[in-house]
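> The structure's right below; bear with me while I get my questions together.
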Amino acid sequence: MSRQQGPLDLSLLRGSVAVVTGAGNNGIGWGICKHAAGLGMHVVAMDLHENLVRSAESRLRQQFPGVECLGISCDVTRPETMEAAHRQIRSHFPDAPIGAVFANAGVIFNHTILHSTLDEWSTTMNVNVLGVVNTLRAFVPSLREQQSPSIVCTTASIGGLVRGDGGAAAYQASKHAVVALTEALSFELAARSPQVRVHVLCPCIVSSALTRSSQINARIQQGDLDAGVVEPADTGSSEFAQTTERHARQAFDLIAAGKFYMITDNVRPYVDHDFPFDGMAIVRERFENMMDLELDNSDAMQPADAGPPSSILKGPMFAEMKRRRKERSQTQK
Ligand SMILES: NC(=O)c1ccc[n+]([C@@H]2O[C@H](COP(=O)([O-])OP(=O)(O)OC[C@H]3O[C@@H](n4cnc5c(N)ncnc54)[C@H](O)[C@@H]3O)[C@@H](O)[C@H]2O)c1
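Here you go:
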């Protein structure tokens with residue numbers, strides 16, 4: 279059986295162009311840009327604001343002088359800006375094929391269904407779902423015309439594969455949609471354009487400033503903040519999160535291995551600890567629930583030590599966080 283997502287020799291991507299949306303805030307997209315440049319790909323870093331993409335462009339040029347890097351400001355919710363970006367890329371790199379498109383831009387607002395504003399719902403759906411659709415519509419036709427292998431990778435989340443959980447309904451609903459639409463794309467292209475390899479990235483916990491970048495972009499949208507003052511975000515450091523660099527390495531390893539569902543868990547050698555998120559176990563629980571035709575929401579009744587009770591944030595990583603928190607509070611007494 280010939281499969282669209284068989285193993286790929288990543289050296290075939292050298293000299294082609296990688297396009298990455300949501301790359302301006304030092305998060306997952308930024309890690310992908312650097313990894314792609316390290317593979318010898320030319321890189322286009324895209325994000326909402328001019329100063330974010332100029333900064334990404336100049337840092338990439340400094341770190342990877344052997345490849346051509348370009349920053350393009352665009353809004354993934356506006357199809358005309360994505361089409362203009364596609365034209366700009368074609369004329370900037372007239373001789374290089376587009377080797378990879380990462381539809382990665384996203385937002386999160388952690389509020390319950392009843393406490394989310396309708397603006398938060400529509401921004402979440404517009405960016406996380408229609409933003410991915412607009413990116414695919416702008417770039418996939420070119421990839422289909424090319425004979426050389428290329429990658430289309432959307433960013434969903436482990437939250438797009440597990441049970442909907444209290445407090446992030448809009449986000450999870452949008453990410454479930456990204457998984458479904460990426461599966462559909464794979465089916466649409468498999469027979470007639472098997473050279474276009476389709477993947478869905480489902481990260482667990484990666485260092486980023488997603489909550490902050492979402493709030494900042496919402497304030498700019500509402501006219502409360504000037505886009506001219508926005509700087510690339512400081513992602514801070516978290517004990518158990520993957521760095522964006524090691525996350526990108528895992529993502530490209532999964533692409534090379536030909537995996538469609540790219541669940542990037544917090545496991546060695548991509549982290550230096552033994553407390554995984556264990557996304558697979560939580561995905562399995564959802565499917566077991568479905569097989570029983572029942573939603574097990576008993577977790578919702580459990581008192582949580584910190585944060586909301588959760589059917590998701592409870593694997594070895596969270597157990598260890600809880601243990602360390604307890605230990606710290608006991609030594610402080
Ligand atoms: N960090 C994690 O642990 C994690 C886990 C699962 C999924 N994700 C997903 O990874 C993706 C990247 O997020 P991140 O965590 O690296 O945070 P991030 O803040 O670095 O990336 C999100 C980027 O999207 C950009 N963006 C938002 N709206 C946009 C728009 N309309 N047009 C263009 N760009 C826009 C933001 O400016 C930001 O730079 C998101 O889709 C997120 O949902 C992240």
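Using my numbering, the letters of the sequence shown map in sequence onto residues 279 to 611.
In this text, a Cβ means the ideal position worked out from N, Cα and C, and glycines have one as well.
Could you give the first and the last residue of the continuous beta strand (DSSP E) run that contains S510?
Inspection of the sequence shows that residue 510 is occupied by Pro rather than by Ser. That residue, P510, is in no beta strand (DSSP E); it is neither H nor E in DSSP.
> Assign R292 to one of two classes, buried (16 or more other C-beta atoms within 10 Å of its C-beta) or exposed (fewer than that).
That one is exposed.
> Quick one: is V507 buried, meaning 16 or more other Cβ sit within 10 Å of its Cβ, or exposed?
With fewer than 16 other Cβ atoms within 10 Å, it is exposed.
> According to DSSP, is F371 helix, strand or coil?
F371: coil per DSSP, three-state reduction.
> What does the alpha-carbon distance come out to for the pair H327 and A505?
Cα to Cα, the separation comes out at about 6 angstroms.
> Count the other C-beta atoms from every protein chain shown that fall within 10 angstroms of the C-beta of G514, then say buried if there are 16 or more, exposed otherwise.
Exposed: under 16 other Cβ atoms inside 10 Å.
> Is S428 near V474, with beta carbons less than 9 angstroms apart?
Yes, Cβ-Cβ distance for S428 and V474 is below 9 angstroms.
> What does H320 pair with, by DSSP beta-bridge criteria?
BP columns for H320 point to V295.
> Thinking C-beta only, is C347 closer than 9 angstroms to C311?
Their beta carbons are under 9 angstroms apart, which means C311 touches C347 by this criterion.
> Is the beta carbon of V484 less than 9 angstroms from the beta carbon of I367?
Not a contact, by the Cβ cut-off of 9 angstroms.
> Would you check if there are 3 or more beta carbon pairs closer than 8 angstroms linking the region 549–562 to the region 588–603?
Enough Cβ pairs lie closer than 8 angstroms, so yes.
> Look at T432 and L503 and say whether their C-beta atoms are less than 9 angstroms apart.
No.
> Find the nearest neighbour of H525 within the set E361, T395 and H313, judged by alpha-carbon distance.
That would be H313, whose Cα lies nearest to the Cα of H525.
> For S452, which option in S400, D512, A597 and V549 has the closest C-alpha, if you only look at C-alpha atoms?
Nearest of S400, D512, A597 and V549 to S452, Cα basis: S400.
> Return the bridge partner residues of P481 from the DSSP annotation.
The partner list for P481 (beta bridge, DSSP) reads T542.
> Going by DSSP in three states, V379 sits in which element: helix, strand or coil?
V379: strand per DSSP, three-state reduction.
> Which runs of the alpha helix (DSSP H), 4 residues or longer, sit entirely within the region 552–576?
DSSP runs (the alpha helix (DSSP H)) wholly in the region 552–576: 557–569.
> Using a Cβ-Cβ cut-off of 8 angstroms (strictly less than) and excluding sequence neighbours within five positions of I618, which residues of its own chain qualify?
The displayed coordinates of the chain run from 279 to 611. Any statement about residue 618 would go beyond what the structure contains.
> For Q340, count neighbouring C-beta atoms within 10 Å of its own C-beta (all shown protein chains included) and say buried if the count is 16 or more, exposed if not.
It is exposed - the Cβ of Q340 has fewer than 16 other Cβ atoms within 10 Å.
> From the DSSP output, which residues share a beta bridge with V474?
In DSSP, V474 forms a bridge with S428.
> Please report the straight-line C-alpha distance between I560 and V407, rounded to a whole angstrom.
The alpha-carbon atoms of I560 and V407 are separated by roughly 23 angstroms.
> Is the Cβ-Cβ distance between T426 and S588 less than 9 angstroms?
A small fix is needed here, since residue 426 is Ser in this sequence, not Thr. For S426 and S588, no; Cβs fall outside 9 angstroms.
> DSSP three-state label for M279, please.
Residue placement at M279 cannot be trusted, given a pLDDT of 44 that sits under 50; what the coordinates show is reported in the next sentence. Here M279 sits in coil by DSSP.
> Can you tell which of P547, S492, F342 and G536 has its C-alpha closest to the C-alpha of A519?
The residue with the shortest Cα to Cα distance from A519 is P547.
> Can you give the Cα-Cα distance for R497 and S336, rounded to whole angstroms?
Using only the alpha carbons, I get a separation of about 26 angstroms.
> For M279, is the classification buried or exposed, using 16 other Cβ atoms within 10 angstroms of its Cβ as the cut-off for buried?
Residue placement at M279 is flagged as unreliable, the pLDDT there being 44, under the threshold of 50; the coordinate-derived value follows with that caveat. Exposed is the call here.
> Does the beta-carbon of M360 have 16 or more other beta-carbons within 10 angstroms, so that it is buried, or is it exposed?
Looking at its Cβ environment, which holds 16 or more other Cβ atoms inside 10 Å, M360 is buried.
> Looking at A374 and ligand 1, is the gap between the Cβ and the nearest heavy atom below 8 angstroms?
Outside the cutoff, so no.
> Since G305 is in the alpha helix (DSSP H), which residue starts that stretch and which ends it?
That residue, G305, is in no alpha helix (DSSP H); it is neither H nor E in DSSP.
> According to the neighbour-count rule (16 or more other Cβ atoms, all chains shown, within 10 Å of its Cβ), is H477 buried or exposed?
That one is buried.
> Specify the secondary structure class of Q528 as computed by DSSP and reduced to three states.
Looking at Q528 - three-state DSSP - the assignment turns out to be helix.
> Quick check: the Cα distance between H393 and A446, rounded to an integer number of angstroms?
Near 11 angstroms, if we compare the C-alpha coordinates of A446 and H393.
> For G284, is the beta carbon positioned less than 8 angstroms from some heavy atom of ligand 1?
Because no heavy atom of ligand 1 lies under 8 angstroms away, the Cβ of G284 does not count as near it: no.
> Going straight from the alpha carbon of I391 to that of V298, what length do you get?
Those two C-alpha atoms are separated by around 30 angstroms.
> Out of L414, M403 and N388, state which residue places its alpha-carbon closest to the alpha-carbon of V379.
Ranking L414, M403 and N388 by Cα distance to V379 puts L414 first.
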